[in-house]
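In the order they appear, the protein sequences are chains A and B. Per the working numbering: the first sequence ends with 294, consecutive numbering throughout. Per the working numbering: the second sequence ends with 1294, consecutive numbering throughout. Presented below is the structure to which this report refers.
Protein chains: 2
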Amino acid sequence: MTAAADLYPDELRLLVDRELAELRFGEERSTDGIREAMRYSVLAGGKRVRPVLALATARAIGIDPARILPVALAVELIHTYSLIHDDLPAMDDDDLRRGRPTCHKAFGEDVAILAGDALYAEAFALLLGHQTGEPADVLAASARLATATGVDGMVGGQYLDVKDAMPNGVEGLRLLHALKTGRLIGASVECVLLATGAPAEQLVAYQAFAAELGVLFQVVDDILDVTQTAEELGKPQGSDERHGKRTYVSEFGLDGARDLARDAHAHARELLAAAAPAGDELARITDYIATRSS
Amino acid sequence: MTAAADLYPDELRLLVDRELAELRFGEERSTDGIREAMRYSVLAGGKRVRPVLALATARAIGIDPARILPVALAVELIHTYSLIHDDLPAMDDDDLRRGRPTCHKAFGEDVAILAGDALYAEAFALLLGHQTGEPADVLAASARLATATGVDGMVGGQYLDVKDAMPNGVEGLRLLHALKTGRLIGASVECVLLATGAPAEQLVAYQAFAAELGVLFQVVDDILDVTQTAEELGKPQGSDERHGKRTYVSEFGLDGARDLARDAHAHARELLAAAAPAGDELARITDYIATRSS
């Protein structure tokens, strides 16, 4: 099998990195300190899976990725905000993220909370302030992004995680991840289709693919947390277990989780083939997510 | 002079309270705990100045207030989110708000951070998910709300406040309040005009009024912090001084601040008269803000 790193569409990632580096987040000099914290976290690197997914989705439906850059950047800003808040002392209390001190370690807890808040605002300012399609379509995409990141989405998922408030068993685990990571991964695909006015049946087919991709992403994440070194992960190894978190590994064992990952990978590829005959880059991202090592 | 309480358009406030009480914030049962914290803070009462301003602005330009309810509710949800985050231990560390334990005291710091995050998301979900005008106009209004609450708006203002990062002197104080409270008060008026496609010159005239109203609001707030009892305020008296905060009272003395309030009141009424010949309710809100006792 091709090494995971060779699969990833790095051209799209470089485009995302370049555009993120150019974001200025307003201009008032006195608030430079919060802007510095925002840029510190946004420019910490990473694979940019969500925005790259958005750009690859645009390609798959025959749309110039440059046109939906605001969607792509918005989902990455929101992902960054969620990491900053998840790392806070009152939440997961993590000191390292991508091999560097977490935002609150570098800038203090107050600034980290505000940097997260501000990134969410700037994500919407970016998405709403740029014409990526017909106004009614952009509205629909933005509304989807808001609900995907609210109580019945990303923030609700983080609530389930910190309070261990989901139902017992694997159904609870699925709900947790569907909300905490699945909804934003799904939105990274859905918002492109919504913003460009794609037909409803195409949206449904892509949604099915994105949902399975979200499952695959999380199962692999849980496996990597126990199999990779801290250096490879950029954060302490085994942190799920130390936090007493239920994961696909704790529920099914490592072999069981690997079986689940294999099934989710195959299923995601099937759903993708049905949704996107021209989805070559989406296929490569799917394979990368299944075989990545960090 | 008429007592402040008699001036306030309570009919509009009751409409806001009724609508806020009906908000469900999604439906996933497992996340009920975060929803409870959101409702606890949203339904804590208060004068609902921002949404009432929005509804009164609609009346002043001849539009049925019911049509712009999503705008009004969104600004109140965002205001509530900002109070929850401002009260956090890492920020102002306040235990009481409107005579009750603050959100983090009642539900824990983790849930309070997430309840604030979720309210911000739900505000956009509400505004973007309801057709209050032409899509292009709703987009413009939503974009304004996002920038008004980001780095160069509300969140940036809170940053200046907690880090005391604004320039010295009265200019710094004005900047602090223009960002921290002024931008959202302004957005409560501006977003109604934007969402309903009002002409640019009308928008500019209302903006001038709203900016002065924001100044008036803050000067009076600073005065009340030293002149009212804790019971009247619903929070400890003199908290600005205890937090070492620069205020209009610390900069100008109590008499100086009262002079400023009088000037801002007169100026706001002049600007209102120029912007809104039919702005009777806006005039009453302005007079209420100038003469209120809590």
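Where a beta carbon is used, it is the ideal one built from N, C-alpha and C, also for glycine. What you are looking at is a predicted structure, and each value in this text was computed from that prediction instead of being measured.
- Contact fails between the stretch 1009-1020 of chain B and the stretch 246-255 of chain A, because fewer than three Cβ pairs, one in each stretch, are under 8 angstroms apart.
- From the beta-carbon of D152/A, the residues of chain B found nearer than 9 angstroms are F1025, G1026, E1027, E1028 and T1031.
- Against chain B, a Cβ distance below 8 angstroms from K180/A picks out nothing, because the smallest value is about 11 angstroms.
- R100/A carries a strand assignment under DSSP once its states are collapsed to helix, strand and coil.
- Interface criterion met: the Cβ of T1149/B is under 9 angstroms from a Cβ in chain A.
- Shown here, K47/A sits in coil according to DSSP, grouped into three states, outside any helix or strand.
- A Cβ-Cβ separation of about 7 angstroms places E1122/B in contact with V151/A under the 8 angstroms criterion.
- Among the residues of the stretch 183-194 of chain A, none has a Cβ less than 7 angstroms away from any Cβ of chain B.
- Proximity of P135/A to chain B, defined by a Cβ-Cβ separation below 9 angstroms, is satisfied.
- Annotated three-state conformation of I1061/B is coil, per DSSP.
- About 5 angstroms separates the CB atoms of P70/A and L127/A; that is less than 8 angstroms, so the two are in contact.
- Taking 9 angstroms as the threshold, the shortest C-beta distance from Q1218/B to chain A does not fall below it.
- Within the stretch 1163-1245 of chain B, the alpha helix (DSSP H) runs of at least 4 residues that lie entirely inside it are, in chain order, 1169-1177, 1183-1195, 1200-1227, 1230-1233 and 1239-1242.
- Secondary structure of P1070/B (DSSP, three-state): helix.
- Classified as buried, V52/A has 16 or more neighbouring CB atoms from the shown chains inside 10 Å of its CB.
- Taking C-beta atoms as the reference points, Q1218/B and G1186/B fail to come closer than 9 angstroms.
- Nearest CB-CB separation between R242/A and chain B: not below the 9 angstroms threshold.
- The DSSP assignment places no complete run of the alpha helix (DSSP H) inside the stretch 263-290 of chain A (cut-off: 4 residues).
- Under the 8 angstroms Cβ criterion, the stretch 196-214 of chain A counts as touching the stretch 263-274 of chain A, having at least three qualifying pairs.
- Listed along chain B are D1117, Y1120 and A1121, each with a C-beta nearer than 8 angstroms to that of Y120/A.
- Taking a C-beta distance under 9 angstroms as the contact criterion, Y159/A and D117/A do not qualify as a contact pair.
- Straight-line measurement puts the Cα of A264/A at about 27 angstroms from the Cα of P65/A.
- Nearest C-alpha to R67/A among D86/A, H104/A and G133/A: G133/A.
- Here DSSP, grouped into helix, strand and coil, assigns G1129/B to helix.
- From the listed residues A276/A, A274/A and I223/A, the smallest Cα separation to S250/A is found for I223/A.
- Within the stretch 1157-1170 of chain B, G1157, Q1158, Y1159, L1160, V1162, K1163, A1165, M1166 and P1167 place their CB atoms closer than 9 angstroms to a CB of chain A, listed in sequence order.
- Pairwise C-beta distances place the stretch 1027-1044 of chain B in contact with the stretch 1100-1116 of chain B, as three or more of them are shorter than 8 angstroms.
- In the structure shown, G156/A falls within a helical segment according to DSSP collapsed to helix, strand and coil.
- For Y1040/B, the uninterrupted alpha helix (DSSP H) segment begins and ends at D1032 to V1042.
- One thing to note: E241/A has its Cβ no nearer than 9 angstroms to the Cβ of D259/A.
- When Cβ-Cβ separations below 9 angstroms define contact, L69/A makes no contact with chain B.
- In the DSSP assignment, V1016/B falls within the unbroken alpha helix (DSSP H) covering D1010 to E1022.
- In terms of Cα proximity to A261/A, the closest of A273/A, T247/A and A274/A is T247/A.
- E1028/B is a Cβ neighbour of G156/A, given a cutoff of 9 angstroms.
- Collapsing the DSSP output to three states places A1056/B in a helix.
- For A1208/B, same chain residues with a beta-carbon under 6 angstroms away, outside a window of 5 residues either side, are L1271 in chain order.
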